[in-house]
Each structure stands twice: as C-alpha cells, then as structure tokens.
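Be aware that the sequence shown starts at 930, since it is given in our numbering, and climbs by one per residue. For every residue, glycine included, the Cβ atom is placed at its ideal position computed from N, Cα and C. Data first, discussion second: the structure below is written as structure tokens.
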Amino acid sequence: MSNTANVPAHIAARIAERQKSGKKSILASAIVSESGPSIPRISMRAGRFRLVEAGVETTIGTALDVVIVGVNPKVSKVFYASNYDGGNDNNRPACFSNNGISPDDMVESPVSDSCANCAHNVLGSKITPSGAQSKMCSDQRHLAVVPAADPHKVYSLTVPVSGMRGLREYFTELANYNINPEEAITELGFDENASYPKLVFNHKGYVPEKAIEVVENWLESDYTKVATRQKPLSATAGLPPAQTAAKIEPPKPTAADDEADAYEEEAPVVAKNTKEKPTVTPVKASDELASKLDSLFDE
C-alpha cells in the first residue's frame, strides 16, 4: 500500500480518536480476523524496530522514541532447545521464567523446578563462537513502553542480556540528574559497532506536560504489569477493550548471532555522588512530536 504517510488532518483526527476508544473498523474486521489477540510488542528482528499487533508487523526503522512506563524488577530467563534461525516465529522456548525463580506455569516440561538449580542457568554452560561465556538459558528484562508520539497504547519490549547493562547505565545517568525514566523520552537504537542488533538507550528529551498525566496513569496499571510479565492476564479484567490482551506471547530471541548472548560485566552501576545538584537544561520535544501530541490532546 502506498501514500499512507500523507494522511490528511481530518483522517489523522479520526485515527487518533479510534486509538483512544479502541473502536475497530467493521469492514476490516470482516476480513482481517485475529487467530488469538496478543499484547502489542516491539520486535527487533533483523536490526529494525517493528510494532507487532494482532499478527500484523509494522516496520519502524533503526530508531524509535518511547517512554518507559513499566519494568519487571526480576531478571527473566528463557531457554531454547534449538537454535533460532532469525526467521521462524514458530520457534518457541522450551522453558522460561518471568520471575527468574521458577519456570512459568505455561511451560509444559520444565528443565528444572528451580532456576537457581538449573544447569542451563550457569555462566559458562554456553560458549559463544568468539569464546565468550554465556548461558544456555539467557537472561532478559521485560519492559512496558508507550510511543512518545502517542502514549495511549502500551507495548511490551524484551531487552536481551546484551542490552541489560546499557539499560542500567541509562537509568543511572537519569538518576544522576534526578530524572525519572517515565519523565524522559527515550530513543531506542542499535549499537553501530556491534556485529548483532545490540539495543542502546539514549535520552532524547522530556515528556510534554500535556502527556505526563497519561504516562503516570500507566505506571501502576495492571495492564502494564501484564505487559512486563508481573501479573497474569486475569489482572486486566474490566479494562477497556483497547487496553486488554487475551494472551501473552512467550518471549522470542532477538538476534540470530550467538554473540548477542555474551555476558558483559554484571557489577552494579553506581550513581555518581555529586556535592552540587547538576543543572538540567530543558529539552523540548521536536516540532514533529509536538504536532502529533497536539492532535491527541485537547489544549
């Protein structure tokens, strides 16, 4: 389909209204049916950010501006019995844990009844082609984010082990300036020097005042906790249809290259101890972002 970028103002207004209400097209629903609704998620397949919803994948590119509204405090685990070939979405994990303590209830044949006692969860149980130590069962973090240009919809984002240190460093950098992650516009990108899609985080600016309330409402939302795998799906009962998911897809690998599983130094990142409070220079959202937000919020 061509010419979808040049959407006239009156159609853009209708789209924004539908995103708020969750109302779907009667015509499209008659043709495009969902085999099983799933929570919207962000894929990083082939080094491109892709929004995946109801089986439809929309490629965004190599950068994506978001606001982080939820983080699973536990390090999750995922084990694949066979290698991921980068293009087979039917490759499901043989075992995984959302709390890093025990296998999830969805796992039919757990490798072990405890993550702490699992032989696959030992550093060195896997060695990458370059000789780096890794684990057969990989660590990952589950986040919940909203697009900076439209904070009304939450997406699930899985951060692989290769991006976890960068996430800690980014959060620490924000903390040094007394900035909460939900107050910042975060640019998701890829490390240009890495041979695989290594996720990086950059501070792009600040959430506009008109969007702060919407973002804060997501922080304690049950739906956000479902997106970060902290609560079961039943926790979304009673939420508006646009905010309800019917199931949570098992986590998927994000890169075919085994080097993405190599473990970096896991020592905690310590915030800087400065005597004087740093001066934060306000950064305005881009004109394009401000224009999009104007179409979503009443002045």
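inquiry  = Within a Cβ cutoff of 8 Å, which residues of the same chain sit near A1045, ignoring the five residues on either side of it in sequence?
reply    = Residue numbering aside, residue 1045 sits at position 116 when the sequence shown is read from its first letter. Excluding residues within five positions, the ones whose Cβ falls inside 8 Å are I1030.
query = Given that a residue counts as buried once 16 or more other Cβ atoms are within 10 Å of its Cβ, and exposed if not, what is N1146?
reply = In the sequence shown, residue 1146 corresponds to position 217, counting from 1. So N1146 ends up on the exposed side.
query = Is the number of C-beta pairs between the segment 998 to 1005 and the segment 1114 to 1125 that are closer than 8 Å three or more?
reply = Per the Cβ contact rule, the segment 998 to 1005 is not in contact with the segment 1114 to 1125 (fewer than 3 Cβ pairs under 8 Å).
ask   = In chain order, what residues of the same chain have a beta carbon less than 7 Å from the beta carbon of Q1062, not counting five sequence neighbours either side?
value = For this step, residue 1062 is matched to residue 133 along the sequence shown. Once the five neighbours on either side are set aside, the close Cβ partners of Q1062 are L1052, G1053, I1056 and Y1192.
request  = Ignoring anything shorter than 4 residues or poking outside the segment 1116 to 1158, list the alpha helix (DSSP H) runs there in chain order.
outcome  = The qualifying runs are 1138 to 1148 and 1151 to 1156.
message = The alpha helix (DSSP H) that contains A942, what's its start and end?
response = The sequence position of residue 942 within the sequence shown is 13, counting from 1. Per DSSP, A942 belongs to the alpha helix (DSSP H) from A938 to S950.
key: Contiguous beta strand (DSSP E) assignments of at least 3 residues, all confined to the segment 974 to 1042   = Taking only runs of at least 3 residues, the beta strand (DSSP E) segments lying wholly in the segment 974 to 1042 are 978 to 982, 985 to 990, 993 to 1000, 1005 to 1008 and 1024 to 1026.
inquiry  = Given this structure, state the Cα-to-Cα distance separating G1118 from E1142, to the nearest angstrom.
reply    = Taking the first residue of the sequence shown as 1, we reach residue 1118 at position 189. Taking the first residue of the sequence shown as 1, we reach residue 1142 at position 213. The straight-line gap from Cα to Cα measures roughly 26 Å.
query = Buried or exposed: V985, going by 16 or more other Cβ atoms within 10 Å of its Cβ?
reply = Locating residue 985 in the sequence shown gives position 56, counting from the first residue. By the neighbour-count rule (16 or more Cβ atoms within 10 Å), V985 is not buried but exposed.
ask   = Looking only at DSSP bridge pairs, what is V1083 linked to?
value = Here the question's residue 1083 lines up with position 154 in the sequence shown. Note: V1083 sits in no beta bridge, so no partner.
query = Candidates K1006, A983 and K949: which alpha carbon is nearest V1090's?
reply = The sequence position of residue 1090 within the sequence shown is 161, counting from 1. Shortest Cα-Cα distance from V1090 to any of K1006, A983 and K949 involves K1006.
message = My assumption, with CB atoms under 8 Å, is that V1155 sits in contact with A1077. Please give the rounded CB distance.
response = Taking the first residue of the sequence shown as 1, we reach residue 1155 at position 226. Taking the first residue of the sequence shown as 1, we reach residue 1077 at position 148. Distance from V1155 to A1077 at the Cβ level is roughly 22 Å; contact not present, criterion being Cβ atoms closer than 8 Å.
inquiry  = What does DSSP give as the partner residue(s) for S1091 in the beta ladder?
reply    = For the purposes of this step, residue 1091 is taken as residue 162 along the sequence shown, with counting starting at 1. Answer is none; S1091 lacks a bridge partner.
query = So, R970 versus Y1084, is the Cβ gap smaller than 8 Å?
reply = One-based indexing of the sequence shown puts residue 970 at position 41. One-based indexing of the sequence shown puts residue 1084 at position 155. Yes, the Cβ-Cβ distance between R970 and Y1084 is below 8 Å.
inquiry  = Quick check on this structure: which residue in D1120, F1130 and V1136 has the alpha carbon closest to the alpha carbon of G976?
reply    = Here residue 976 refers to the residue found at position 47 of the sequence shown. If we check each option's Cα against that of G976, D1120 comes out closest.
message = Taking the beta carbon of S1038 as the centre, do at least 16 other beta carbons fall within 10 Å, making it buried, or is it exposed?
response = Translated into the one-based positions of the sequence shown, residue 1038 becomes position 109. By the neighbour-count rule (16 or more Cβ atoms within 10 Å), S1038 is not buried but exposed.
message = In the DSSP output, which residue or residues are listed as bridge partners for L1072?
response = Residue mapping note: residue 1072 aligns to position 143 of the sequence shown, counting from 1. Residue pairing by DSSP places L1072 opposite V1000 and L1086 in a beta bridge.
message = Quick check on A1045: does DSSP put it in helix, strand or coil?
response = Here the question's residue 1045 lines up with position 116 in the sequence shown. In the structure shown, A1045 adopts coil according to DSSP, grouped into three states.
query = Bridge partners of S1067, per DSSP?
reply = Here residue 1067 refers to the residue found at position 138 of the sequence shown. According to DSSP, which records beta bridges pairwise, S1067 is partnered with V1007.
Strand pairing of K1055, partner residues [DSSP] = The residue given as residue 1055 occupies position 126 in the sequence shown. DSSP lists S1063 as partners of K1055.
query = With respect to the beta strand (DSSP E) encompassing I971, which residues constitute its N-terminal and C-terminal limits?
reply = Here residue 971 corresponds to residue number 42 of the sequence shown, with the count starting at 1. Run containing I971: R970 to S972, per the beta strand (DSSP E) assignment.
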